[in-house]
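Heads up: the sequence shown begins at 1 in this note's numbering, then just goes up one per residue. The block underneath contains the structure these notes are about, expressed in structure tokens.
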Amino acid sequence: MDKLLAEMQFGEILLQKGYVHPEQIKEALEVQRIKPRRLGEILLDLGYVEEEHVLEALSEQFGIPVELDLSQQVDMNLITKVPINFIREYFMAPFKQNGAGYLVALNDPINLLPLDDLRVLLGGPVQPVLCRKMDIQKIVDSYFDNQTQNTAEMIDTIAMAEEEGATTVHTLDAVETEKDLLDLANEAPIIKLINLLITGAVKERASDIHIEPFEREVRVRYRIDGVLYEKFTIPKSQQAAVISRIKIMSNLNIAEHRLPQDGRIKIKLSGKEIDIRVSILPTAFGERVVLRILEKGNFLFSLEDLGMDERDHKIFDRLITVSHGIILVTGPTGSGKSTTLYASLQRVNSPDKNIITLEDPIEYLIAGIGQIQVRPKIGLTFAAGLRSILRQDPDIILVGEIRDLETAEMAVQASLTGHLVFATLHTNDSAGAITRLTNMGIEPFLVTSSCIAIQAQRLVRKICTQCKEPYTPDRNPLEELGIKTQDPRANTLWRGKGCQKCMERGYYGRTGIFELLLMSPRIQELVLEGADSNVIKREAHKEGMRTLREDGAEKMLRGITTLEEVLRVTRDDVFEETF
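Here it is, written out as structure tokens:
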């Protein structure tokens with residue numbers, strides 16, 4: 001059927017049924033001339049029709065039945081007979097056997113040619129059924145879940161095969177990084193096991209996979225929302241095969257077992273690009289592996305999403321628009337420093353700014369910004385890269401991490417010559433960054449003249465909103481946090497009971513707690529006098545700075561996180577005890 005004619009017929013059916021007015025059709029057609037899309041999609045976006053109306057009109061137009069509820073009808077064994085790429089590309093999937101044939105869910109009846117491919121794949125006749133996009137997306141998600149839930153079964157299968165004297169599986173096939181990991185469902189057992197470990201980690205939002213050998217077993221743990229959880233135990237006899245497979249995927253030397261090795265794996269998973277950093281370290285019971293999972297793609301967070309309180313957010317938002325100076329973000333590994341800096345760059349990014357970054361690694365891509373990957377093996381260090389960046393006429397520079405005196409000197413020099421520099425530093429609190437710079441060898445007068453603000457931060461787990469419940473807390477932990485007994489909010493706190501959404505953990509996702517120190521005239525005097533970090537921090541607190549523990553306590557009182565979580569991440573923030 002000609003597309004133009006089909007669109008005209010579709011519009012007429014909607015008009016006859018009284019779902020739209022002629023003016024609305026006319027408006028949608030004008031939008032279609034500017035941005036060619038299906039008429040039904042445009043009407044949906046404009047809010048003039050419901051998806052059920054669109055499906056009803058398409059059903060009448062093409063003579064295809066409609067099914068609005070697939071929840072109890074989807075046969076997962078049938079779905080996994082079809083490659084995930086096919087389902088995603090054509091947005092159609094078989095969901096139920098119908099006699100000798102099969103029912104196929106689809107949302108767009110214009111292109112029915114892929115049904116011929118499904119007929120061949122399934123070996124029987126197929127009948128199209130119009131369904132909502134949401135229901136077909138659930139089928140894609142179910143495919144993903146089905147591939148990730150069988151890891152324990154796979155481990156049991158490998159162990160059983162070994163007991164029965166089966167030959168050890170071959171693991172030396174080169175990985176095809178262009179394939180989607182979900183398509184590699186029929187590979188050799190060890191290959192499939194590693195794929196399942198990775199897909200399971202991504203599904204559970206894990207940031208790291210730890211594979212740890214011990215005397216009698218190999219333990220697998222996931223780090224989820226900053227905390228390690230034990231997931232599986234792999235038979236000791238399969239340790240060498242698992243490690244070899246990971247080395248092959250990351251292009252490392254499989255014959256080297258005595259020295260540490262670092263590598264990278266690039267894969268596709270459910271259509272997303274995943275970058276995995278691999279670290280292998282020899283231990284007493286074999287090689288220990290940590291896989292750091294980074295989802296490649298465009299940065300999606302804004303400053304508002306980070307969790308800053310209103311006062312700090314306004315100050316920070318103003319600071320990142322100044323013309324020159326250094327803004328330091330400090331905290332341990334995994335405290336969200338890079339996320340804060342990316343959100344800051346995204347805020348100030350505009351066509352009239354030249355922004356260049358030096359990173360290790362590049363975690364997210366931001367359109368309009370020059371991002372450089374540090375490569376120390378070939379001499380491209382932070383210091384060397386920073387020296388070259390200054391010749392590129394930048395307005396704003398991001399230095400992934402200040403690790404040594406040379407990098408620190410270059411960052412200070414850049415800020416003093418009219419550039420805004422964002423950088424990270426590994427210190428426990430904001431005032432500690434000042435002493436760290438002076439201990440590196442930066443003169444105090446250079447610190448005061450270049451640094452304009454230092455923000456320390458941590459990440460705390462958020463209470464799962466689905467199983468959130470109130471309770472009455474003990475007074476002792478509240479006093480440890482410095483909560484005043486007269487604060488009525490302290491009478492009732494919140495915690496997660498545990499549910500399916502949060503995997504019975506009571507937490508889902510994370511937010512930041514912050515400590516923003518401004519380089520005020522009085523703070524500058526203390527730095528020049530050589531005052532220690534406690535004195536500097538005390539003065540900043542008098543000037544209105546909220547400490548990490550205070551910010552965490554406020555988020556606890558607002559029901560965002562728990563008392564235990566704030567205490568866990570601020571154990572080293574003992575500044576309050578000095579009051």
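Cβ atoms here follow ideal geometry from the backbone N, Cα and C, with glycine treated the same way.
{"Asked": "In the structure shown, what three-state DSSP assignment does VAL82 receive?", "Found": "coil"}
{"Asked": "Do PHE445 and THR407 have their beta-carbon atoms positioned less than 8 Å apart in this structure?", "Found": "no"}
{"Asked": "Check GLN149 in the structure and name its three-state DSSP category.", "Found": "Its pLDDT being 49, under 50, GLN149 is placed unreliably in this model, and the coordinates cannot settle the point."}
{"Asked": "List, from N- to C-terminal side, the alpha helix (DSSP H) runs of 4 residues or more that fit wholly inside the region 177-259.", "Found": "189-203, 239-249"}
{"Asked": "May I have the straight-line CA-CA distance separating ILE320 from SER344, to the nearest angstrom?", "Found": "7 Å"}
{"Asked": "Can you look up GLN72 in the DSSP assignment and give me helix, strand or coil?", "Found": "coil"}
{"Asked": "Give the range of the alpha helix (DSSP H) segment to which ASP551 is assigned.", "Found": "548-557"}
{"Asked": "As a quick exercise: from SER279, ALA241, MET76, pick the residue whose alpha carbon is nearest that of LEU259.", "Found": "SER279"}
{"Asked": "Determine the extent of the beta strand (DSSP E) in which TYR102 is found, giving its start and end residues.", "Found": "101-106"}
{"Asked": "Buried or exposed for GLY18, going by 16 or more other Cβ atoms inside 10 Å?", "Found": "exposed"}
{"Asked": "Do you know whose CA, among LEU115, GLY286, ILE267, lies nearest LEU294's CA?", "Found": "ILE267"}
{"Asked": "My assumption, with CB atoms under 8 Å, is that LEU398 sits in contact with LEU341. Please give the rounded CB distance.", "Found": "6 Å"}
{"Asked": "For CYS451, list the residues DSSP reports as bridge partners.", "Found": "ILE326"}
{"Asked": "Can you check whether the CB of VAL104 is closer than 8 Å to the CB of LEU115?", "Found": "yes"}
{"Asked": "Measuring only the C-alpha atoms, how far is ASP654 from GLY544?", "Found": "Outside the displayed range of the chain (1 to 579) lies residue 654, so it cannot be described from this structure."}
{"Asked": "Need the endpoints of the alpha helix (DSSP H) that THR407 sits in, please.", "Found": "405-416"}
{"Asked": "Just to confirm the assignment, what range does the beta strand (DSSP E) spanning SER388 have?", "Found": "Not the beta strand (DSSP E): SER388 falls in the alpha helix (DSSP H), residues 382-389."}
{"Asked": "Below 7 Å CB to CB, which residues in the same chain sit around ILE224 once its five sequence neighbours on both sides are set aside?", "Found": "GLU204, ARG205, ALA206"}
{"Asked": "Threshold first: 4 residues or longer. Then list the alpha helix (DSSP H) segments lying entirely within the region 455-501, N to C.", "Found": "475-480"}
{"Asked": "To the nearest whole angstrom, what separates the beta carbons of PRO125 and ARG132, a pair I think is in contact under 8 Å?", "Found": "With 8 Å as the limit, PRO125 and ARG132 do not qualify as a contact, their Cβ atoms being about 24 Å apart."}
{"Asked": "Let me check understanding here. Comparing Cα to Cα, which of ILE513, GLU469, GLY509, GLU359 lies closest to GLU310?", "Found": "ILE513"}
{"Asked": "Please identify the residue among ASP141, LEU269, SER142 whose C-alpha is closest to the C-alpha of LEU197.", "Found": "LEU269"}
{"Asked": "From the DSSP output, in three-state form, read off ASP305 for me.", "Found": "helix"}
{"Asked": "State the start and end residues of the unbroken alpha helix (DSSP H) segment that holds LYS613.", "Found": "Summary: the structure shown does not reach residue 613, with the chain confined to residues 1 through 579, and so no result is reported for it."}
{"Asked": "How many Å lie between ASP262 and ILE246 at the Cα?", "Found": "11 Å"}
{"Asked": "Within 10 angstroms of its Cβ, does VAL322 collect 16 or more other Cβ (buried), or is it exposed?", "Found": "exposed"}
{"Asked": "In three-state terms, what does DSSP make of THR578?", "Found": "Because the pLDDT at THR578 is just 40, under 50, the model does not fix this residue reliably, and the point stays unresolved."}
{"Asked": "According to DSSP, is ASN98 part of a helix, a strand, or is it coil?", "Found": "strand"}
{"Asked": "Roughly how many whole angstroms lie between the Cα atoms of ALA456 and GLU23?", "Found": "56 Å"}
{"Asked": "For THR357, write down the residues that DSSP places opposite it in a beta bridge.", "Found": "GLN371, LEU398"}
{"Asked": "Let me confirm a value: GLN72 is counted as buried when at least 16 other C-beta atoms fall within 10 Å, else exposed. Which label applies?", "Found": "exposed"}
{"Asked": "How should GLU550 be labelled, buried or exposed, when 16 other C-beta atoms within 10 angstroms of its C-beta is the threshold for buried?", "Found": "buried"}
{"Asked": "Rounded to the nearest angstrom, what separates ILE209 and PRO361 at their Cα positions?", "Found": "18 Å"}
{"Asked": "Excluding the five sequence neighbours on either side, which residues of its own chain have a C-beta within less than 7 Å of the C-beta of GLU363, listed in chain order?", "Found": "LEU294, SER338"}
{"Asked": "Check whether the region 554-570 and the region 460-469 touch, using three or more Cβ-Cβ pairs below 8 Å as the test.", "Found": "yes"}
{"Asked": "I'd like to check one pair, LEU14 with SER59: are the Cβ atoms closer than 8 Å?", "Found": "no"}
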